[in-house]
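One structure is given below, encoded as structure tokens.
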Amino acid sequence: MPVRNGPGPCAPRASLAIAVSLSGWLTAGAAAAQAPPRDAQAQAALNEAMGTDYLETRFDQAERKLRAAIDACGEAGCSPAVKARLFIALGTVLAQGRKELGDARDAFADALRIDPSARLDPGLVTPEGSFAFEQARAATGAGASAAAGAGLQMTPPPEQRVRTPVPLYVEVPADLLPSVKQVTVWYLPPGEDEYRPLVMKKLRGQGFGINVPCSALEKEGTLRYHVAAVDEEGAILASAGARDAPLATEIKARPAAAPPHWPGYAPPATCAAPEKERPRQCLDDRQCNGGLACVGGSCVARSASEAPSEAAPDVRRNWVSLSFSPDVALLSGRDVCTVASQASDNFVCLRGDGTRYDGTPTPGVANDVNLGFALATLRVAIAYDRLLLDNLTVGGRVGFAAGGTSGGGASFLPLHLEARAQYFLAARPFEQLGARPFVLAAAGVAQVDAGVDVQVLEDAAACGANANDITSPCTRPGRSGRIEARQQTLAATRQAGQGFASVGAGIAYAPLDAVSLNLALRAGLTFPAVTAVLSPEVGLSLGF
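Next up, the structure:
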């Protein structure tokens, strides 16, 4: 928000009424009978626009009413003083409410051409309004202050460290000092496109100073700024820099120059890094010295309500679980039921009677598995997890898998062994009931068998069938001495594993301090036979 000399659009209505009364915008003319015919209507529009719409930040409505009143005045329908006040009000709305300083300058210039004695309302002077009004006075030459444009004595700091306040210091010429009401700096932080105002503080002698805050100096770049001293009416008495030619200080991670400071003052200290960038000192109270507690990653003194010797809340650190988990594998393949593919690609293809297929499929015809997900093995496991820190558990799981393929000479490992770590995202989750979201990492031993149906067409030359008729039967036995059906559907199984690694996320819900219902989703890879596997998991845990 711009800094104001008096009440502005966001001030309480009572205070604003006082401020506006200083300008006379809300007072009806005592000599209305002698005024030009449209003065009363113009004054009423001015009162409504500035006394209601502007104060309630309805800037579009205020601008619309003021422009309508100016148009209604025409060339001679209103007195010069009233018409000039309409333009001053319009410029105030454009500068303060709309931030359109160029249009505000033009409105102020129109007011000064009509009435060279026109002034800003002292109760509604803002840095933006003063800037635009002074530009209008310079453009028209009307009522310009003899001192306007005088220079403030200022040496911009060449550079400053990131996250360190920039101390700005100016001296006002001695002959102007009695007239100065306020010294304001407008600064543009690195990487931004809108200036922000700061009112400078009076220091010793003729000096004024202010620190550009750390919040504007979070990254490297150029800090731009300009300074102006104004009088009671908001007229610029002296300045240093300008919006179109600002002063500048380079913000660097490793500046070479000495730290800047106000004359006679120490340089400002570098601000602390944002909390998210600070290294954590602790994960739970046990990593802090006696009498300290771990709060937000830092060891701090316990609150007065806690006795220093008070033990940490009793939580259940041992948890046993029973979980159920289906595997969903992502698989694909070409020519999967050839003898070579079954030997090298970990596919097993079984005929309808459960025997291993060893025929010769027609190359390039069917015998493929398109990329997709397939339901694989099902797992039941018993787990033990130990709460090591406030929100970290480690443990293991042992269980059995079902749904694997063991026919046709294939083998399946039904054992499931797993080591797992779970990190809970809430602070001290085991001290409270309810939801406990977590992330996990796991690795172990498991085999994942995923099966799909695959159609094959027996090669005519290999099985003694008519090559021109796909319905002609095979007449020649294959490798196992069996005559294959010319067309058949095989049960193809991709056998993956027997090692795995996975990550995942889940949520545990504790309706009681010793009971937890768990839902999780793991995503992992098997090896050395590589397959991507998704494993939703549901379980029940008991703590002690």
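Residue numbers (the working numbering): 21 to 564.
Glycine residues also receive a C-beta, built at the ideal position from the N, C-alpha and C atoms.
Bear in mind the structure is a predicted one, so any value in this text is a computation, not a measurement.
Query: DSSP beta-bridge partners of W339; Result: D405 and G563
Query: V192 - containing alpha helix (DSSP H), residue span; Result: Taken as a continuous stretch (DSSP letters only), V192 belongs to no alpha helix (DSSP H), as it is neither H nor E.
Query: Beta carbon of T513 nearer than 7 angstroms to that of T425; Result: yes
Query: Segments assigned beta strand (DSSP E), at least 3 residues, entirely inside the region 230-300; Result: 241-250, 256-260 and 267-272
Query: Rounded C-alpha distance that separates A487 from T495; Result: 12 angstroms
Query: Start and end residues, beta strand (DSSP E) containing G111; Result: Taken as a continuous stretch (DSSP letters only), G111 belongs to no beta strand (DSSP E), being part of the alpha helix (DSSP H) at P100 to T112.
Query: Continuous beta strand (DSSP E) assignments of at least 3 residues falling wholly in the region 361-430; Result: 367-370, 389-409 and 412-422
Query: Member of N387, G429, E68 and A401 whose CA lies at the smallest distance from the CA of L560; Result: A401
Query: Residues of its chain near D624, where Cβ-Cβ distance is below 6 angstroms and the 5 sequence neighbours each way are ignored; Result: There is simply no residue 624 to check, as the chain begins at 21 and stops at 564 in what is shown.
Query: Backbone secondary structure at I527 - three-state DSSP; Result: strand
Query: Buried versus exposed call for P176 [16 or more other C-beta atoms within 10 Å across all chains shown]; Result: buried
Query: Per-residue DSSP class, three states only, for E451; Result: helix
Query: Opening and closing residue of the beta strand (DSSP E) in which L539 lies; Result: V535 to A549
Query: Buried or exposed by the 16-neighbour rule on C-beta atoms within 10 Å, applied to A51; Result: Model confidence at A51 stands at a pLDDT of 41, short of 50, so the residue's coordinates are unreliable and nothing is read from them.
Query: Endpoints, beta strand (DSSP E) assigned at T204; Result: Q202 to L208
Query: Through-space distance from P217 to I230, alpha-carbon basis; Result: 11 angstroms
Query: Residue from P280, A255 and V219 whose Cα sits closest to the Cα of D187; Result: Residue identity check: residue 187 is Pro in the sequence provided, not Asp. Of the candidates P280, A255 and V219, the one whose C-alpha sits nearest the C-alpha of P187 is P280.
Query: Whether A89 touches G111 by CB criterion (7 angstroms); Result: no
Query: N-terminal and C-terminal residue of the alpha helix (DSSP H) that F432 is part of; Result: Element bounds for F432: n/a, residue is neither H nor E.
Query: Whole-angstrom distance between V356 and L554, CA atom to CA atom; Result: 22 angstroms
Query: For C93, the first and last residue of its enclosing alpha helix (DSSP H); Result: F79 to C93
Query: Exposure of S522, with buried meaning 16 or more beta-carbon neighbours within 10 Å; Result: buried
Query: M21 (DSSP reduced to helix, strand or coil); Result: Below a pLDDT of 50, predicted positions are generally treated as unreliable, and M21, at 35, falls in that range; the measurement from the model is reported next regardless. Coil at M21, not helix or strand.
Query: Where L140 falls: helix, strand or coil (DSSP); Result: coil
Query: Proximity of E557 and S343 at Cβ, strictly below 7 angstroms; Result: yes
Query: Contact check, P185 vs C234, beta carbons under 7 angstroms; Result: yes
Query: Per DSSP, cross-strand counterpart(s) of P147; Result: None; P147 has no bridge partner.
Query: Close-in-space but distant-in-sequence residues of the same chain around S492 (CB under 8 angstroms, 5 per side omitted); Result: A480, A485, N486 and R506
Query: A115 and A159 closer than 7 angstroms at C-beta; Result: no
Query: Buried/exposed call for L391, threshold 16 Cβ in 10 Å; Result: exposed
Query: CB-CB length for A109 against M70, believed under 8 angstroms; Result: 5 angstroms
Query: Beta-carbon proximity of R183 to C291, cut-off 7 angstroms; Result: yes
Query: N-terminal and C-terminal residue of the beta strand (DSSP E) that L218 is part of; Result: R216 to V219
Query: Reduced DSSP secondary structure (H/G/I, E/B, other) of Q467; Result: strand
Query: Neighbourhood of D305 by C-beta distance below 8 angstroms, restricted to the same chain and skipping five residues each side; Result: L312, A313, C314, A332 and D410
Query: Neighbourhood of A65 by C-beta distance below 6 angstroms, restricted to the same chain and skipping five residues each side; Result: K85 and A89
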